[in-house]
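Remarks on the structure that follows.
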Amino acid sequence: MSCFARAPLALALSLGLAAAAQAGVTFRFDRPQASPGQQVFVEATFFNDGNAVANWQTPRELVLQWRNAQGVLIRTLAKVDRKDSTPLEIPVGNFVRTRWAAEVPSQAEGVQTVTVEGEPVLLALDTRPGNVAAAVAPAPAPLVDPRTGTVLPASAVPPLGESPITPLSNNSDFETATLQRFRSAVSSYEPVYFSLGTASDTTARFQISLKYRLFQPADDKNPRFVDNLYFGYTQTSLWDLGADSAPFRDSSYKPAFFWLSDRVWESENRRWSLGTEAGFQHESNGKDGADSRSLNNFYAQPLLRYRLDQGSTLSFGPKLRTYMSLENNPDIREYRGNVDWLVKWTQDDGMMLSALARKGNSKGSVQVDFAYPLRTEWLSNLNGYLHLQVFRGYGETLLEYNKRAETQARIGLMIVR
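Here it is in structure tokens:
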């Protein structure tokens, strides 16, 4: 089963991931009663009820606070019941679960109110032998600043001590809220990777990409139209490592302004869903003279998804374009066409396989990408994915949009699928 838990938002930002504002999480024990010395599991369920893909990371350990008969604090560790802690991607309308194993301390007596340190959570467990407690209530909403209503990051909640509340200074409070708003606005966009190949020359192809949400919705379930407006930036570069001085052969810089919703429609059984992205994109290679390439385009991309069993999703997203400002490359439509045909299969916390095809007037290209998670024990739970990419056809770079490249296979590291 897929797994989930919260992580410090600073780590989420470093990976270009969406923040907690677009999802809900509940904690509970796996059963209402357990005697001292017995094993119990703390379970977390994360449901993405926003309108964009959410990403979360599982901490390896939780610290639980118990009390003995005299009210003295007892702290114990709960260890995650999975072998990795790689961030998980949760599609809109889906959920993931994980759990941590813990042992009921020998000093615990009666009905315990257990705290998860760093989380605004109270869990109930009856430790009296033979008694069955009432159903465990779900955890409340994340901890917020009562003055502003801003969700506080884990770094603002004291990890130790008998009380989870510590007053913040005005400056600290302001900085926390400002940083939290920024983190919640930045997220991943296109895939991010760095891969090497040696078909003709030794080259590296890499891509970085992110998007920034202009307006933070007050209600993720009912966002306004402007809440789905974004700025995006993607850069794709080809690095000629085999040439003298190892120059960059070409780079494409693609700023964009667009409207995006991962879920504008969903079937009653929640297997089918439709998302939409539409906007304006500029693309250029930043060169002068004869090597200068640039174009503008308006585009629309419906994205149809089908939720498969065993935690995977199949998606189909044709991207329709109309070109403008083609002075430096007037015939680029003959090689790219007006539609990017994208088919993609992803596991929630595993592999990814995608194919992108472009077809102009008898010319075109195909790119296939495969990603496999590297979070194995023999790799010390390395973050990211093994990336395999194959490109065949015209226009691997914007500079050489009208040249057919030798079929190129590359292998490397993918950070965002």
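Okay, so the sequence shown: first residue is 50 according to the numbering used here, each after it adds one.
Here a beta-carbon is modelled for each residue, glycine too, at the ideal position from N, C-alpha and C.
Computed from a predicted model, the values in this text were never measured in an experiment.
Reference residue i, options the options, closest by Cα
i    : options                : result
L245 : Y302, R441, D289       : D289
L423 : Y282, R230, G433       : G433
D293 : T251, R385, R146, S429 : T251
K368 : F347, T107, R354, Q114 : F347
W149 : G120, R319, I139, R109 : R109
T472 : L174, D79, R320        : The structure shown has nothing for residue 472, since the chain only spans 50 to 466.
V465 : V129, R77, L137        : L137
Y302 : E455, L309, L287, G324 : L287
L405 : R319, T425, P240       : P240
S155 : L171, W105, R124, V145 : R124
W308 : D299, L278, F78, V145  : L278
G73  : V141, P81, D98, Q87    : D98
G159 : M463, V200, R116       : R116
N387 : R370, L402, S403       : R370
R319 : Q106, P140, Q87, G86   : P140
P351 : L357, G366, N345       : G366
Bridge-paired residues (DSSP) for residue i
i    : result
T362 : R356, T395
G413 : K408
W427 : Answer is none; W427 lacks a bridge partner.
S236 : K260
N104 : E138
I464 : Per DSSP, none; premise fails for I464.
S244 : R254, G461
F95  : V74, V145
G442 : S414, A454
P422 : Y434
M401 : T395, A420
V170 : BP columns for V170 are empty, so no partner.
V121 : DSSP lists no partner for V121.
Y372 : N346
Y279 : R262, F307
K128 : E110, A150
R116 : L122
Q161 : L174
Q82  : D175
Contacts around residue i, its chain only, beta-carbon distance under 6 Å, and the 5 residues preceding and following it disregarded
i    : result
L400 : Looking at the sequence shown, residue 400 is not Leu but Met. The answer, listed in chain order, is Y421.
A127 : V91, L111, L113, W149, A151
Q457 : G246, A248, F440
G281 : Y238, K260, A305
A70  : Its pLDDT being 39, under 50, A70 is placed unreliably by the model, and the measurement read from it follows with that caveat. Cβ within range, chain order: S233.
G291 : D250, T251
Contacts around residue i, its chain only, beta-carbon distance under 7 Å, and the 5 residues preceding and following it disregarded
i    : result
R459 : S244, L245, G246, R254, Q438
S84  : V153, T176, P178
P230 : Strictly speaking, residue 230 in this sequence is Arg, with Pro absent from that position. Q265, listed in sequence order.
P272 : N100, P266
A118 : E158
Chain C within 8 Å of residue i, Cβ atoms only
i   : result
P85 : Among the protein chains of the structure shown there is no chain C, as only one such chain exists.
The stretch 255-274 in contact with the stretch 234-245 per 3-pair CB rule at 8 Å: yes
Assess contact between the stretch 330-339 and the stretch 444-462, defined as three or more Cβ pairs (one per stretch) separated by less than 8 Å. Is contact present? yes
Is there contact here, the stretch 337-356 with the stretch 376-395, by at least three beta-carbon pairs under 8 Å? yes
Let me know the beta strand (DSSP E) ranges lying completely inside the stretch 282-353, each 3 residues or longer, listed in chain order. 297-315, 321-333
Can at least three beta-carbon pairs, one atom from the stretch 394-410 and one from the stretch 354-371, be found at a separation below 8 Å? yes
Would the stretch 428-442 count as touching the stretch 398-418 if we require 3 or more Cβ pairs under 8 Å? yes
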